[in-house]
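Residue numbers (UniProt numbering), protein chains in the order written: chain F, 1 to 270; chain E, 1 to 270; chain X, 1 to 270; chain P, 1 to 270; chain D, 1 to 270; chain B, 1 to 270.
Glycine included, each C-beta is placed from N, C-alpha and C at the ideal position.
Everything numeric in this text was worked out from a predicted model, so none of it was measured.
A short write-up of the structure that comes next.
There are 6 protein chains.
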Amino acid sequence: MTTEFDITQYQIAEQPYYQAQNNEITLYEAAYNARLPVMIKGPTGCGKSRFVEHMAWKLNKPLITVACNEDMTASDLVGRYLLDANGTRWVDGPLTLAARYGAICYLDEVVEARQDTTVVIHPLTDHRRTLPLDKKGELVVAHPDFQLVISYNPGYQSLMKDLKQSTKQRFAAMEFDYPLCSVETEIVSKEANISTDIADKLVRIAETARKLKGHGLDEGISTRLLVYAAALINGGIPARDACRMALVRPITDDKDIRDTLDHAIDAIFA
Amino acid sequence: MTTEFDITQYQIAEQPYYQAQNNEITLYEAAYNARLPVMIKGPTGCGKSRFVEHMAWKLNKPLITVACNEDMTASDLVGRYLLDANGTRWVDGPLTLAARYGAICYLDEVVEARQDTTVVIHPLTDHRRTLPLDKKGELVVAHPDFQLVISYNPGYQSLMKDLKQSTKQRFAAMEFDYPLCSVETEIVSKEANISTDIADKLVRIAETARKLKGHGLDEGISTRLLVYAAALINGGIPARDACRMALVRPITDDKDIRDTLDHAIDAIFA
Amino acid sequence: MTTEFDITQYQIAEQPYYQAQNNEITLYEAAYNARLPVMIKGPTGCGKSRFVEHMAWKLNKPLITVACNEDMTASDLVGRYLLDANGTRWVDGPLTLAARYGAICYLDEVVEARQDTTVVIHPLTDHRRTLPLDKKGELVVAHPDFQLVISYNPGYQSLMKDLKQSTKQRFAAMEFDYPLCSVETEIVSKEANISTDIADKLVRIAETARKLKGHGLDEGISTRLLVYAAALINGGIPARDACRMALVRPITDDKDIRDTLDHAIDAIFA
Amino acid sequence: MTTEFDITQYQIAEQPYYQAQNNEITLYEAAYNARLPVMIKGPTGCGKSRFVEHMAWKLNKPLITVACNEDMTASDLVGRYLLDANGTRWVDGPLTLAARYGAICYLDEVVEARQDTTVVIHPLTDHRRTLPLDKKGELVVAHPDFQLVISYNPGYQSLMKDLKQSTKQRFAAMEFDYPLCSVETEIVSKEANISTDIADKLVRIAETARKLKGHGLDEGISTRLLVYAAALINGGIPARDACRMALVRPITDDKDIRDTLDHAIDAIFA
Amino acid sequence: MTTEFDITQYQIAEQPYYQAQNNEITLYEAAYNARLPVMIKGPTGCGKSRFVEHMAWKLNKPLITVACNEDMTASDLVGRYLLDANGTRWVDGPLTLAARYGAICYLDEVVEARQDTTVVIHPLTDHRRTLPLDKKGELVVAHPDFQLVISYNPGYQSLMKDLKQSTKQRFAAMEFDYPLCSVETEIVSKEANISTDIADKLVRIAETARKLKGHGLDEGISTRLLVYAAALINGGIPARDACRMALVRPITDDKDIRDTLDHAIDAIFA
Amino acid sequence: MTTEFDITQYQIAEQPYYQAQNNEITLYEAAYNARLPVMIKGPTGCGKSRFVEHMAWKLNKPLITVACNEDMTASDLVGRYLLDANGTRWVDGPLTLAARYGAICYLDEVVEARQDTTVVIHPLTDHRRTLPLDKKGELVVAHPDFQLVISYNPGYQSLMKDLKQSTKQRFAAMEFDYPLCSVETEIVSKEANISTDIADKLVRIAETARKLKGHGLDEGISTRLLVYAAALINGGIPARDACRMALVRPITDDKDIRDTLDHAIDAIFA
C-alpha cells in the first residue's frame with residue numbers, strides 16, 4: 001500500500017530533558033502497557049508536550065504530534081485522495097499513519113478541534129481499535145504499539161468548546177500543574193544554563209503572577225517564559241529588561257497588571 | 001459495477017463478549033427478521049455499540065459502522081465520484097455499500113450529524129427500501145439482508161440537535177442503561193480479568209458517581225472506564241491511583257466533584 | 001446528449017397499496033391533466049409519499065423522488081459537470097431528468113431545502129415550463145408529461161423554514177391527515193397481515209397519542225409505526241413489548257409521556 | 001471566442017398573452033430606447049415576468065432570465081472556467097452572454113441574491129456599460145442592444161434583504177399591482193378558457209383574500225392561482241373544491257384564515 | 001511570465017465628461033505624483049467613479065476597476081492557479097496586473113469587501129510598494145506608475161462594515177458631495193442633451209429629496225437619476241411620468257415619501 | 001525537494017531608514033541570538049513593520065512578511081499541493097519557506113488570523129522548532145537562522161479576536177508607541193525631505209489628534225500620514241489643504257471631530 005512511508009523520522013533521537021514531578025511516569029507506562037488512551041490535562045506551558053515526548057523516547061516508540069485547530073477536518077486526521085499522474089492516490093493522515101505503523105499519536109490542544117470531528121477517534125479508543133477509512137473503503141486495524149494521547153487545558157474549556165462525555169470516557173486522565181518552586185528552579189537553571197540564584201528569582205516572579213490568575217490574568221507565567229527570560233539575561237540583557245520582555249509584555253496588555261508585575265520584578269531584582 | 005469490493009472484511013470474526021441484560025436479543029432479532037430499522041438509545045459507554053456488534057455476529061451479517069459527526073455530508077454516507085486515470089470513478093459510501101451488499105449499517109451517535117443530512121436515509125427506511133444515488137443516476141434497491149441501525153444518547157439531545165420526528169418515526173427503538181450491579185461486576189471481572197472483589201468495588205464507585213448525574217456531572221462513570229481502572233490495577237498501579245486516573249480525572253474538571261469522588265474511592269478501597 | 005439515460009427504472013412496477021380517504025385521487029388527476037404543480041401537506045407518516053407513488057403508478061408515469069435537505073444545492077437538483085477521460089461531462093440532476101424525460105418529480109419535505117434554492121423550480125411551474133441550465137447554456141423545455149409535486153409538513157414550519165409566497169403561489173395544494181379509525185385499521189391489518197382485532201387495538205393506542213400532540217409530543221404515532229408494531233407481534237413479540245418498542249420509544253424521551261403511553265398500551269392489551 | 005453560442009434560442013417565438021393595465025408599455029419602450037436599466041416592483045404573481053417576456057417579444061430581443069437565489073455567486077452570473085480535454089475553458093454566465101450578444105437580461109427576484117453579489121452589475125448599469133471578467137482578464141463592452149431588468153417584491157423587503165441604494169440608483173423603476181377586477185376577469189377568462197361569469201366569481205374571491213394581506217395573510221391570491229382554479233373547474237372538479245385546492249390551501253396553514261376563505265368561496269359559489 | 005497580457009485595453013480612449021467642482025483635480029495630481037494611495041469618499045452617484053476615470057485619462061494611465069463585494073476573496077484580487085493542458089497556470093488578479101503593469105487600480109465600494117481581506121493591499125500602500133504572491137512564491141515590486149485608489153460611502157458605514165484604522169491610515173482622502181445647483185444643472189443639461197430649463201427643474205426636485213435624507217430616505221436622488229429622467233423626457237415621456245419613474249420609484253417603497261416627492265414633481269412641472 | 005526556490009529575493013537590499021527610540025535594537029538582537037520568537041505590540045503606523053525590516057537588514061537575514069487575514073487558512077501558511085502536468089506538486093507556504101531556508105518570518109497583524117489557525121506555529125515556537133507538514137507527511141526541522149516574529153495592535157484586541165494564552169506564552173514581547181516629538185519631527189523631516197519647521201508643525205497636529213483617541217477617534221494620526229502630508233506640501237499643495245487631505249479625512253467621518261482637527265490645522269498653520 002503506502003509502504004514507502006518512513007516512520008523512523010518520528011523516533012525521538014535524543015533524550016528530551018524531563019524532570020519528573022510525581023508518579024506520572026509510572027502511571028503513563030501502566031496506561032501504555034494496557035494500551036489505554038491517555039488524556040493530559042493542565043495549564044499552558046507546564047510541560048505536557050515535553051512529557052509526552054519524554055515518554056515516547058523512554059518507550060522507544062515513534063511520536064506523531066498534531067496541533068489541533070478549529071479548521072481541522074476529519075480528513076486532515078485520517079487522510080485523503082490526492083491527484084497523481086495516474087489518477088488519484090490515497091495519502092494517510094497522521095492518525096492513520098500512527099495507527100498503521102504503531103506510533104503514539106498525540107493530539108495537542110484537542111478542544112480546539114471541532115467537537116464533532118473528534119468522533120473519528122472513537123473506534124480507535126475502544127475494544128475495536130480500528131479506524132474505518134470510509135472514503136477508501138478500508139478498515140485499518142491498529143498496530144499493537146499504537147496509542148492515542150490527547151492534551152487539553154481545562155482553563156480554556158467553555159460551553160462552546162468542551163470534549164463530549166462520549167469522548168472523555170474513552171481516556172484515562174493525568175493532571176499536570178506548574179512544578180514546585182524547587183523543581184522549577186532546577187528546570188530553569190538546567191534548561192537555560194543559568195545560576196540557580198537567578199533561576200530562583202525568576203520562579204518567585206512567576207509565583208506572584210500565578211496568584212493573579214483569575215484576578216486580571218487569564219494564565220500565570222509558564223516555565224517556558226522563565227527559560228526565555230534566562231536566555232535574554234544570558235545574552236547580556238539586564239535582568240529587569242529581560243523579565244519585562246519575556247514575562248510581562250507577552251501575557252498582558254492591561255496597564256495595572258503590567259505595573260504590578262513590573263514592581264514585583266524590580267523588588268526581586270533590586 | 002464496483003464488484004471488486006470485499007464485504008467479508010466487515011464480518012465479525014470472533015464472538016464479541018456480551019452479557020444480556022433483558023430481552024434485548026429477542027427484540028432485536030424480531031426487528032431484524034421484519035427488517036425494521038432500529039434505534040438504540042442510552043447513555044455513554046453502556047454497551048450500545050457492543051450490542052450491535054454482538055447481534056451482527058449472532059445473525060452472521062457484515063457490520064458497517066459510521067461514527068457520525070457534524071461535518072459529515074450526505075456524500076460521505078452515499079458515495080462520490082473520484083478522479084481516476086481514466087476520468088471519474090464512482091465510489092460507494094458506507095451506507096450504499098451496506099445497502100448493496102446486505103450488511104447491517106450502524107450510524108453511531110446519529111444526532112451529531114446534521115439534522116437535515118439524515119433525510120438521505122428515509123427512502124431506505126420505509127416500504128421502498130431504495131437509495132437514490134442522484135449524482136450517479138442510479139436507484140439502489142436494498143439487498144434483502146440490509147438493515148439500518150442508529151444509536152443516540154437522549155442526554156445530549158438539545159433543541160439544536162435532535163432527530164426530526166419524520167426520522168424518528170422510521171425506527172423501532174430500544175432503550176439501554178448501565179447494567180445492574182451484579183451483571184456489571186461480572187462484566188468488569190471478565191473483561192479485565194480481575195477478581196470479582198475488586199470489580200465489585202469499582203462498580204460501587206460507579207454507582208456513587210451515577211447518582212451525581214445532573215448534580216455536577218454530565219454523565220456517570222461508564223462500564224468502559226471501570227475496565228480501564230481494572231487494567232491499571234492489573235498493571236501494578238495502586239487501586240486508589242488507578243481509580244483517580246481512570247474514573248475521576250477523565251469525567252470532571254470541577255474541584256468539588258473531584259474531591260467527592262476521591263473520598264468515595266478512598267472509602268471503598270480503605 | 002445524455003441519451004443513454006434509462007427513465008424506465010423510475011416506473012412503478014407494482015401497484016402500491018393505497019386506501020383512498022376522500023376525493024384525493026380525482027383532485028390529483030385533474031391537477032395532473034392540467035399539469036398544475038401540486039403541493040401535498042400533512043403530518044409525518046400519514047401516507048403522502050405513498051399517495052404520490054400510487055398516482056404515478058395509476059397515471060403510468062415514471063416517478064423521481066428527491067429527499068430534500070438543507071445541504072442540497074441548486075446543482076443537486078439541476079445537474080453539474082463531472083470530469084471525464086475527455087474533459088468535463090454534464091450530468092443532469094433529478095429535476096432536469098424529470099423535466100427532460102417526462103417524469104413526475106417529487107420533492108419530499110421541501111421546506112428542508114434552503115428557501116432560496118427552491119427558486120430554481122420557478123420557471124418550471126409557470127406558463128414557461130422551462131428549466132434554464134445556466135452552467136450549460138441550455139434551456140430545457142419540459143416534456144409534456146412532466147409534473148412537479150412537493151410535500152411538506154405544516155407542523156414543522158417555522159419562521160426560519162417556510163416556503164416563500166412566490167413559491168407557494170405556484171402550486172395547487174392538497175391537505176392530508178391520519179386516516180379515520182376504520183380506514184386505518186384496515187390499512188394496518190392489510191399491510192402487516194394481522195387480525196383486525198389487533199389492528200384496531202393498535203389504532204386506539206395511536207388515537208391516545210395523537211391527542212397528546214402539542215401537550216408533550218411533537219407528533220402523534222404514525223400509521224407506519226402501527227405497521228411496525230404489528231410486524232413485531234407477528235414475529236412473536238408480546239403485544240405490550242412490541243408496542244413499547246415500535247410506538248413509544250421512537251417518539252419520546254420524556255419519562256412522563258412514556259409512562260402515560262405505556263399505561264394506555266397495558267389498558268388496551270389487558 | 002465562444003462563437004458557437006446560439007443566442008436565438010432565447011428569442012420569444014410566440015407572442016405571450018399580455019393585457020396592458022396602463023402606460024407601462026410606453027414607459028418601458030422609452031427606457032429601452034435610452035437603454036436605461038429597469039426595475040419592476042410588485043407583489044407575487046401580478047404579471048411582472050410575463051410583462052418582461054411580452055416586451056422582449058415586442059422589441060424582438062432575446063431574453064435571458066435568471067431566477068436569483070441566495071446561493072448564487074458572482075461566477076454564476078458572470079461565468080467560470082470549466083475543465084476541458086485541453087485544460088480549462090471559459091464559459092460565459094447568463095449576464096455575460098446577454099451583454100455580449102445583446103439580449104435583455106432579466107434578474108428575477110433580485111433581492112434574493114446576496115446584497116453584495118449584486119455589485120457585479122454596476123459597471124453594466126452606468127455610462128461605462130462594461131463587464132470586467134476579472135478571472136479571464138477580459139473587459140466585455142456591452143452590445144448596443146443589451147439591457148438589464150430586475151424584479152423585486154417590496155413586501156418581502158427586510159432589513160437583511162434589501163437592495164443597496166447604490167444599486168437602486170442605477171435603475172428606472174415601474175410599479176405593478178394586481179389588475180383591476182374587469183381586467184383580471186378578462187385575463188382569467190382568456191387564459192383558462194372559462195366563462196366570464198366563473199372568472200368574475202374567482203376574481204371576487206381574490207378580492208376578499210387581498211383585503212386580508214397583513215391581517216393573517218402574507219400575500220393575497222395571485223392571478224396565477226385564479227387561472228389554476230379555472231383549469232381545475234374545466235377539468236370537472238366542482239368549483240368549491242377547485243377553489244379550496246387552488247386558492248386557499250397553497251397560501252395558508254392557519255385554520256381561521258382557511259375557514260374565512262372557505263366561507264367566502266361557499267358564499268360566492270352558492 | 002504573463003507577458004501576453006494587454007494592458008492597453010484599460011486605457012481610457014475618450015475624455016470622459018467631468019465638471020470640476022473645486023480643487024479636486026489639483027489635489028489628486030499631487031497625490032498621484034507622490035504615489036500616495038487615495039481614498040474617495042462621498043454619497044451614491046455623486047461622480048466618484050467618473051472622477052477617477054477622468055483622472056486616469058488626464059494622467060494617461062490605464063485604469064483597472066474592481067467592484068468590491070463580500071464574496072471577494074484575496075485570490076480574486078491577487079490571482080490564482082488555473083488548470084491548463086500542461087498543468088496549472090498562474091493568472092494574475094486585477095490588483096496584481098495593475099501593480100505589475102503600472103495601472104491605477106480602483107477598488108470601488110471597498111467597504112463591501114471583507115474587512116480582513118483588505119489587508120492584502122497593505123504592502124502595496126506603504127514604503128515597500130510590493131505585493132507578495134504567497135501561493136506563487138513571487139514578490140511583485142510595483143511598477144513606478146502604479147497607484148491604488150479606493151472609494152467608499154460613509155453613509156453606509158456600520159460597525160460591521162468599516163475599514164480598519166490600519167487600512168485607513170494608508171490613504172490620503174478626498175471628500176465628494178453632490179455638485180452645486182448651477183453646476184449640476186449644467187451637467188444634466190450637457191449629459192442628457194436637454195434644455196437648461198428642464199435640467200434646472202430636475203435639480204430642484206433632487207434638492208427636495210436630498211433634504212429628506214435621514215428623514216425617511218436613506219439617500220437623496222443622485223445626479224445619475226436626473227440624467228435618466230431627462231433621457232425619458234427626451235424619449236417622449238411626459239415630465240411628470242418620467243420623474244416618477246426615474247427619480248421616485250427607484251429610491252423608495254414608502255407610500256408617504258412617494259406622495260411627498262410626487263407632489264414636489266407636480267408643483268415644479270405644473 | 002523544492003531546491004529551485006530563490007530565498008535571496010527576500011533579502012533587504014538597502015538599509016531601511018529607522019530611527020531608534022530606545023533599547024529596542026539591543027533587545028531584538030538578544031532575542032534573535034537566542035532564537036526566541038518575538039511579538040511586536042503597538043498602534044497603527046508607529047513603525048513596527050519598518051523596525052522588523054530594519055532588523056532583518058541589520059542581521060542580514062531574508063524577511064518573509066505575511067499580511068494576516070481572517071480568510072487565511074493553515075494551508076496558506078504551510079503550503080499545499082498544486083496540480084501539475086505530472087500530477088500534484090507540493091508548494092511550500094511562506095512559513096515553511098522561512099523555516100526551511102532560514103528566513104525571519106513576520107506575521108503582520110496576527111490577531112486578524114483565525115485564533116485557531118495560529119496553532120500551526122506552535123511546534124516552531126518551542127524547543128522542537130519543527131513544522132509538521134501533515135498533508136505531505138514531512139517533518140520540517142527549522143533552519144538554524146529561522147525566527148518567527150508577529151505583530152499586533154492591542155487597541156484592536158477584542159473578546160472575539162485575541163491571541164490565545166498558549167500562543168502568547170511562546171513569545172518574548174516588545175511594546176512600541178508613537179515616537180517622541182523631537183524624534184518624530186526628525187523622522188518626518190528626513191523621510192519626506194521637508195524643513196524641520198513644517199515637520200514640527202505636522203507633529204503638533206498629530207499630538208492634538210492623539211489626545212482625542214478614545215474621545216471620538218479610534219486611533220491617532222500615524223507618522224505615516226504625517227509623511228503623506230509633507231509629500232503633498234512638497235508637491236505644491238497649500239499646507240492646510242494637504243493636512244486636511246492627509247491627516248483628517250482618512251481617519252474620521254465625524255463632522256465635529258473633523259471641525260476640531262481642521263481648526264487645529266488652521267491655528268498651527270496660521
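- A distance below 7 Å between beta-carbons, with the five flanking residues on each side excluded, links A74 of chain P to the following residues of its chain, in chain order: T117 and V120.
- V78 of chain P and N22 of chain B have their C-alpha atoms roughly 55 Å apart.
- Non-local C-beta neighbours of P132 of chain X in its own chain, meaning closer than 7 Å and more than five positions away in sequence, comprise P123 and L139, ordered along the chain.
- Using a Cβ-Cβ cut-off of 8 Å, F176 of chain X does not count as an interface residue toward chain P, since no Cβ of chain P sits closer than that to its own.
- Proximity of the segment 27–42 of chain F to the segment 170–181 of chain F meets the contact definition, three or more beta-carbon pairs being nearer than 8 Å.
- For K201 of chain D, no beta strand (DSSP E) encloses it; the enclosing alpha helix (DSSP H) starts and ends at T196 to K211.
- The alpha-carbon separation between V52 of chain X and F5 of chain X amounts to approximately 23 Å.
- At least one CB atom of chain E sits nearer than 8 Å to the CB of A231 of chain X.
- N69 of chain D has its alpha-carbon roughly 56 Å from the corresponding atom of L180 of chain F.
- Here S49 of chain F carries a helix assignment [DSSP, helix/strand/coil].
- With 16 or more other CB atoms across the displayed protein chains lying within 10 angstroms of its CB, Q165 of chain F is buried.
- I205 of chain E is outside the set of residues whose beta carbon lies under 8 Å from a beta carbon in chain F.
- Counting only residues of its own chain and dropping the five nearest sequence neighbours on each side, R80 of chain X has a CB closer than 8 Å to the CB of W90, V91, G93 and K135.
- Closer than 7 Å at the C-beta level to chain F, one finds these residues of the UniProt domain "CbbQ/NirQ/NorQ C-terminal" (184–267) of chain E: D218, E219, S222, R224, L225, Y228, A231, L232, G235, G236, I237, D241, M245, A246, R249, P250, I251 and D253.
- Counted as a single uninterrupted DSSP element, the beta strand (DSSP E) harbouring Y106 of chain X occupies residues I104 to D108.
- Contact residues of the segment 30–46 of chain D toward chain P are P43, T44 and G45 (C-beta to C-beta distance below 9 Å).
- A contact is defined here as three or more CB-CB pairs under 8 Å, and the segment 246–260 of chain E fails this definition with respect to the segment 188–196 of chain F.
- Contact with chain D is found for Y81 of chain P, since one of that chain's Cβ atoms lies less than 8 Å from the residue's Cβ.
- Looking at the DSSP output, I150 of chain X sits in a beta bridge with X:M39 and X:L107.
- The Cβ atoms of V183 of chain E and L202 of chain E lie no closer than 8 Å to each other.
- In chain order, Y28 place their CB closer than 6 Å to the CB of M55 of chain B, counting only its own chain and leaving out the 5 sequence neighbours on each side.
- CA-to-CA, the gap between K61 of chain X and L95 of chain X works out to about 15 Å.
- Between A142 of chain X and A231 of chain P, the CB-CB gap reaches or exceeds 8 Å.
- For the set E:P238, E:D253 and E:P250, the Cα lying nearest the Cα of D266 of chain E is the one of E:P238.
- Annotated three-state conformation of P94 of chain F is helix, per DSSP.
- Residue-level contact by beta carbon holds for D126 of chain B and chain F, with a gap shorter than 8 Å.
- Within 10 angstroms of the beta-carbon of A13 of chain P lie fewer than 16 other beta-carbons, which makes it exposed.
- The C-beta of F146 of chain E comes no closer than 8 Å to any C-beta of chain F.
- Taking T185 of chain F as the centre and dropping the five residues before and after it, the same chain places the C-beta of T196, A199, D200 and V203 closer than 7 Å to its C-beta, in chain order.
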